[in-house]
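Structure record follows, encoded as structure tokens.
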Amino acid sequence: MTDLDTLERDLLAQVAGASDEAALDAVRVSALGKKGSVSDLLKTLGSMTPEERKARGPLINGLRDRVQGALGERREALAEAALEARLSAERVDVTLPVREAPETRGRIHPISQVIDEVTAIFADMGFSVAEGPDIETDELNFTALNFPPGHPAREMHDTFFLAPDHLGRRKVLRTHTSPVQIRTMRSQEPPIRVIIPGRTYRHDSDQTHTPMFHQVEGLVIDKAANIASLKWVLEEFCKAFFEVDAVKMRFRPSFFPFTEPSAEVDIQCSRKGGEIRFGEGEDWLEILGCGMVHPNVLRNCGLDPDSVQGFAFGVGLDRIAMLKYGMPDLRPFFEADVRWLDHYGFRPLDVPSLVGGLTG
Amino acid sequence: MKFTLSWLKDHLDTEAALDVIAETLTRIGLEVEGIEDKAAALRPYVIARVLTAEQHPNADRLRVCSVDAGDGQPVQVVCGAPNARAGMLSVFAPPGTYVPGKAITLSVGTIRGVESRGMLCSGAELGIGEDHDGILDLPEGSPVGTPYAVHAGLDDPVIEINLTPNRPDCTSVHGIARDLAATGIGTLKHAPLLPVHGEGLCPVTVDLALEPADRVLCPLFALRLVRGVTNGPSPAWMQARLRAIGLRPINALVDITNYVTFDRGRPLHVFDAAKVGGGLSVRRAQEGETLKALDGRTHTLNADIVVIADANGVESIAGIIGGEASGCDAGTTDVLIESALWDPANIAQSGRRLGVVTDARYRFERGVDPAFALSGLDLATCLVLDLCGGSPTQAVVAGAVPETERTIDFPWTEVRRLAGIELSRAEMTVTLESLGFHVAGSGDRVQVRTPSWRPDVEGKADLVEEIVRIAGLDRIEAKPLPRAGGVGKPLLTVIQKRTRAAKRALASRGLMEAVTWSFIPHDDAVLFGGGGADLVLANPIASELSDMRPSLVPGLLRAAQRNADRGFPDAALFEVGQCFATDAPEGQTIRATAVRRGGGTHLGGGRHWDGGPQVVDAFAAKADALALLTALGIPTGGLQVAAGGPAWLHPGRSGTLRFGPRTEIGWFGEVHPRVMKALDLKGTLVAFEIVLDALPLPKHKPTKAKPALALSDFQPLSRDFAFVVERAVPAGDLVKAALNAERKLIAGIDVFDLYEGAGIPEGSKSVAIAVRLQPVERTLTDAEIEAVSARIVAEVGRKTGATLRA
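Pasting the structure below:
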């Protein structure tokens with residue numbers, strides 16, 4: 001056994017025996033440090049003859065490499081052991097509850113959600129959104145819409161009045177979104193395609209009527225607007241809104257002062273155990289009113305009924321929300337009960353779109 | 001409008017079944033609201049003879065009867081009726097029958113030990129009367145074994161239609177029959193109306209005492225006297241029909257007027273001639289005149305109301321209701337029959353003012369057929385002669401039947417243009433003519449004359465409706481509305497997008513969207529800056545829903561408190577909706593508001609293992625407001641936060657958000673204690689409100705490219721400064737001063753500590769800020785950093801009086 005062998009066995013033993021990073025470093029310094037045993041041997045190479053160096057050089061360098069290698073391996077092993085020890089000490093109780101994220105607690109009211117759904121559907125058919133004030137003149141809410149003063153048709157609307165002004169004129173809370181039809185036709189050139197979602201008011205209160213409710217009105221002024229295309233628009237809307245492949249609709253002639261001809265539309269459905277399903281069944285459920293814009297209304301907007309034509313329709317937003325999402329009673333819509341909002345509301349990021357589907 | 005099937009068949013010759021008739025009515029716009037078919041419901045009830053009625057062995061008040069229901073197999077029935085007796089004819093229901101008056105289904109029972117196989121019935125049990133004292137006691141000769149409903153004439157289904165206000169012609173059975181006949185399911189019967197040959201003049205004069213301008217109020221008034229009538233009960237068939245549609249038979253004369261009202265849509269009035277003093281005059285009522293009417297109420301009249309008066313005063317309110325004093329009763333022998341025309345608008349207005357709803361008003365305010373006014377008088381006279389006897393005078397007629405028919409120049413192409421359906425001219429002509437229109441001419445345009453009973457048909461569109469409603473809207477095939485080519489363009493306006501985005505943004509902060517009433521209590525409105533006279537409802541549905549809201553906050557505050565009262569104290573609610581400053585369209589704004597209560601913070605309140613309970617404060621509201629502005633893409637660089645806000649906020653714990661002294665966009669903070677008290681609110685409530693209409697509009701940019709990103713190659717560094725400053729100095733001023741000290745290098749400033757107390761002079765506070773410096777050209781030297789620090793300290797000191805904390 002040469003002195004080199006002895007040194008190597010000694011150093012490797014020290015490496016193996018080092019129990020932590022500091023001890024290992026001490027071994028490294030003692031062997032490979034400036035004055036380390038291996039460093040000292042390497043220094044001797046300079047004063048050797050070429051023959052000697054040729055013989056001893058590989059031996060000493062080999063020793064150094066093996067010691068270095070051993071040091072590295074030992075360091076890795078020590079680090080691994082230290083990590084293991086740390087990991088076994090670092091533990092959290094993952095069953096502890098986290099705070100619920102705000103975006104999962106927040107809710108969008110069904111009315112807003114349904115307006116977004118309706119808007120997405122009609123936008124696809126080229127409708128923009130028009131709006132108007134809740135406080136309307138009698139002229140725009142009634143007269144311009146062909147409700148003559150004193151006509152019994154006005155009584156179909158239980159109107160809220162504001163206090164009369166100094167000239168005795170009384171403004172009203174709009175009883176329907178239809179005055180925005182007038183505003184639109186008076187400010188925009190045909191062709192027109194708008195929907196008009198908004199709040200409406202009638203002096204009425206029971207399980208299915210509240211003094212405030214929501215409507216969406218549609219208005220198309222277009223050469224291609226007739227009952228046939230009106231039917232198509234409404235059928236497309238109902239299919240898309242109720243998310244069914246087919247709906248059966250029934251158009252019944254009816255009367256609205258501002259349309260002629262006028263119709264009410266029923267949709268076929270089944271009712272089983274309080275659940276309403278569309279696209280099946282034998283029951284009829286009234287969901288909207290519609291018709292061709294009355295010639296007098298067109299005239300009141302400065303349009304010639306012989307050359308301009310259009311159709312309009314109105315849907316109760318609260319009503320279609322109830323039908324689609326199953327709320328049995330309208331009144332809680334406006335009571336802001338957090339239990340109701342939590343249950344019937346929608347998550348903030350459930351934004352309806354046609355691309356992704358109205359509902360998830 | 002109600003009528004019975006047999007009544008309809010008086011006017012319509014048809015083989016169609018009831019369900020076909022009902023479907024057809026709905027299909028042509030006379031929506032069937034309901035059909036009541038008593039015969040179907042009462043089918044099991046048969047006429048039966050009580051053979052024996054023995055005392056029940058175990059009960060004093062019960063009898064054991066043997067009943068023959070017509071099949072020769074007597075059944076045993078235990079009966080508790082006091083009038084049950086052997087030999088009587090009554091109505092029997094076998095086991096399994098549903099009893100409408102008791103809402104039970106019969107079964108074979110044992111009553112006090114005696115078996116009973118069915119029931120003998122009272123009218124009340126059948127749901128056709130109110131006689132609870134005993135079982136039906138039918139006259140001898142009633143056919144045993146026959147269904148009772150058939151025998152009693154109850155086998156006449158009652159149809160109710162939901163009549164739209166434009167169809168006065170269908171306030172009559174005849175008009176409904178005409179509409180049905182037009183569909184081809186039957187033929188309209190034209191019963192000839194025989195003119196009445198009156199003897200002599202009507203002795204009662206009629207004076208239309210109206211100014212020429214008022215003539216429209218009563219274009220026609222016709223009157224006839226029938227002497228020597230006997231006014232007993234009307235015949236059973238008439239009573240049955242009137243009862244079936246919900247009217248109470250009174251006496252023959254009154255029943256006749258009601259009958260003609262429904263049969264022909266022609267309201268009439270009858271006066272007892274003996275009770276009328278002198279001639280009749282039609283005039284405006286005098287202010288304060290009164291009439292005790294047939295509804296038993298005394299009505300106070302005014303000059304807008306037209307009346308029929310005699311020497312005794314007002315006898316009848318025109319077109320609405322008659323007076324009690326001149327009404328017909330059993331003692332009436334001479335009757336005056338009135339048939340008149342009244343102004344629909346005036347009748348509607350008077351009826352509303354008086355609050356009287358009658359079948360006459362219902363028809364007159366919609367418009368009765370003027371051409372039938374005199375025929376109606378004759379029809380009523382004939383009925384009086386038939387049912388009550390007597391001899392008529394000639395009619396006295398004041399005024400004249402107005403000409404109401406109009407001619408419409410009608411191009412057939414209108415049907416295709418408006419309805420999108422191609423129908424043959426032959427079909428369209430038949431439809432119009434069967435509805436009573438007269439079609440003249442040939443070719444592409446025809447002249448269509450409207451019938452006198454259709455005041456609603458004014459123009460071409462109305463004719464299109466007539467044609468397509470009879471053809472059936474289901475025959476019109478849906479046809480796509482052409483779409484614009486290419487990809488759809490954005491359609492929402494800025495405020496529409498912001499309204500939608502605001503809702504999503506606020507919901508993402510854990511807030512629940514509420515939709516609260518647009519009207520709030522007056523006192524609430526006043527507290528929140530509203531309550532103006534122009535925004536008060538004249539007819540609120542409830543006193544606490546009286547004023548248009550000036551702000552969303554009061555509604556949400558009350559909602560939060562309601563939730564708290566129910567055991568949910570940590571409500572976090574928002575609303576995005578309309579508020580009203582004036583009654584003009586410009587006075588209406590869209591606002592976004594959130595209210596947080598108690599532990600309803602952004603992180604979720606309440607107790608949690610990871611930290612104590614959190615309570616909302618003004619900063620919770622501020623955070624919501626700023627998050628909303630950021631979500632809406634509003635640049636907040638120029639945003640100022642000024643201390644204080646509207647009067648409903650705590651003056652020391654609120655702030656106003658603005659872009660300048662005149663461009664306030666919203667406010668936030670804790671609710672003022674006085675408002676808390678006034679609204680009876682408990683706990684801690686904070687709110688913010690942002691007026692979405694007040695936000696700056698986005699600048700139009702020629703390109704969507706974002707500004708170039710300039711990244712520095714040099715390490716940023718941070719320096720901390722702790723300043724001592726007077727307590728009243730806002731931290732915001734301090735930060736602003738520091739920023740102004742070195743605009744080029746300072747990348748941001750955070751306030752990381754706020755301290756008052758030991759070590760700090762009374763009345764002062766310590767504000768610690770971390771200033772982030774971002775070198776742009778080269779790494780800063782120590783000397784340069786020192787120089788920047790010195791400038792910051794000097795500038796902050798100069799602007800705020802702050803000194804570096806020792």
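Going down the list, the protein sequences come from chains A and B.
So for the first sequence, the UniProt record's numbering puts the first residue at 1; every next one is plus one.
So for the second sequence, the UniProt record's numbering puts the first residue at 1; every next one is plus one.
The beta-carbon is built from N, C-alpha and C at its ideal position, and this holds for glycine as well.
Keep in mind the model is a prediction, meaning the values are calculated, not measured.
Within the continuous alpha helix (DSSP H) that includes residue i, where are the two ends?
i, result
"H109 (chain A)", "Segment: none, H109 (chain A) is in no alpha helix (DSSP H) and carries neither H nor E."
"H343 (chain A)", "V338 to Y344"
"C238 (chain A)", "I227 to F242"
"R227 (chain B)", "Careful: R227 (chain B) lies outside any alpha helix (DSSP H), inside the beta strand (DSSP E) at L220 to R227."
"Y362 (chain B)", "D359 to F364"
"F714 (chain B)", "That residue, F714 (chain B), is in no alpha helix (DSSP H); it is neither H nor E in DSSP."
"H602 (chain B)", "Looking at the DSSP string, H602 (chain B) is not in any alpha helix (DSSP H), and its letter there is neither H nor E."
In chain order, what residues of the same chain have a beta carbon less than 7 Å from the beta carbon of residue i, not counting five sequence neighbours either side?
i, result
"L188 (chain B)", "H11, L12, A177, R178 and A181"
"H602 (chain B)", "R509, G510, A620 and A623"
Look up residue i in the DSSP assignment and say whether it is helix, strand or coil.
i, result
"E477 (chain B)", "coil"
"E670 (chain B)", "strand"
"H269 (chain B)", "strand"
"I60 (chain A)", "helix"
"Y201 (chain A)", "strand"
"D462 (chain B)", "helix"
"K2 (chain B)", "strand"
"L632 (chain B)", "coil"
"I769 (chain B)", "strand"
"G34 (chain B)", "strand"
"G200 (chain B)", "coil"
"G17 (chain A)", "helix"
"R170 (chain A)", "coil"
"N141 (chain A)", "helix"
For residue i, which residues in the same chain have their Cβ closer than 6 Å to its Cβ, ignoring the five residues on either side in sequence?
i, result
"S339 (chain B)", "A222, L268, A373, G376 and L377"
"Q774 (chain B)", "S712, P716 and A747"
"H438 (chain B)", "R449"
"T26 (chain B)", "V32"
Report all residues from its chain with a CB closer than 8 Å to the CB of residue i; omit the five preceding and five following residues, and keep chain order.
i, result
"T177 (chain A)", "G132, I196, P197, G198, T200, Q215, V216, E217 and G314"
From the DSSP secondary-structure annotation, give me the bridge partner or partners of residue i.
i, result
"A284 (chain B)", "Sequence inspection shows Arg at residue 284 (chain B); the Ala mentioned does not correspond to that position. R284 (chain B) is bridged to B:V306."
"K682 (chain B)", "Answer is none; K682 (chain B) lacks a bridge partner."
"K292 (chain B)", "B:T298"
"H608 (chain B)", "B:G611"
"Q188 (chain A)", "For Q188 (chain A), which the question treats as bridged, DSSP gives no partner whatsoever."
"F160 (chain A)", "Its beta-bridge partners do not exist; DSSP assigns none."
"R193 (chain A)", "A:V220"
"V67 (chain B)", "B:V50 and B:V75"
"C290 (chain A)", "A:A263 and A:F313"
"C269 (chain A)", "A:F278 and A:D283"
"C301 (chain A)", "In DSSP, C301 (chain A) forms no bridge with anything."
Can you check which of these residues, the options, is closest to residue i by C-alpha distance?
i, options, result
"T499 (chain B)", "A:E103, A:K272, A:N146 and A:I115", "A:I115"
"R549 (chain B)", "B:L527, B:A538 and B:N539", "B:L527"
"A244 (chain B)", "B:T257, B:T450, B:F3 and B:T393", "B:F3"
"H608 (chain B)", "A:L96, A:A31, A:S37 and A:L303", "A:L96"
"M292 (chain A)", "A:S307, A:D245, A:P261 and A:D283", "A:P261"
"A16 (chain B)", "B:A69, B:A768, B:G186 and B:I104", "B:G186"
"R159 (chain A)", "A:L167, A:A18 and A:R202", "It should be pointed out that residue 159 (chain A) corresponds to Thr in this sequence rather than to Arg. Taking only the C-alpha atoms, the option nearest T159 (chain A) is A:R202."
"D133 (chain B)", "B:S122, B:G141, B:L126 and B:G127", "B:S122"
"G278 (chain B)", "B:G319, B:V204, B:R241 and B:W342", "B:V204"
"N226 (chain A)", "B:V446, B:L481, B:I760 and B:L163", "B:L481"
Could you spell out the range, first to last residue, of the beta strand (DSSP E) harbouring residue i?
i, result
"A398 (chain B)", "V396 to G399"
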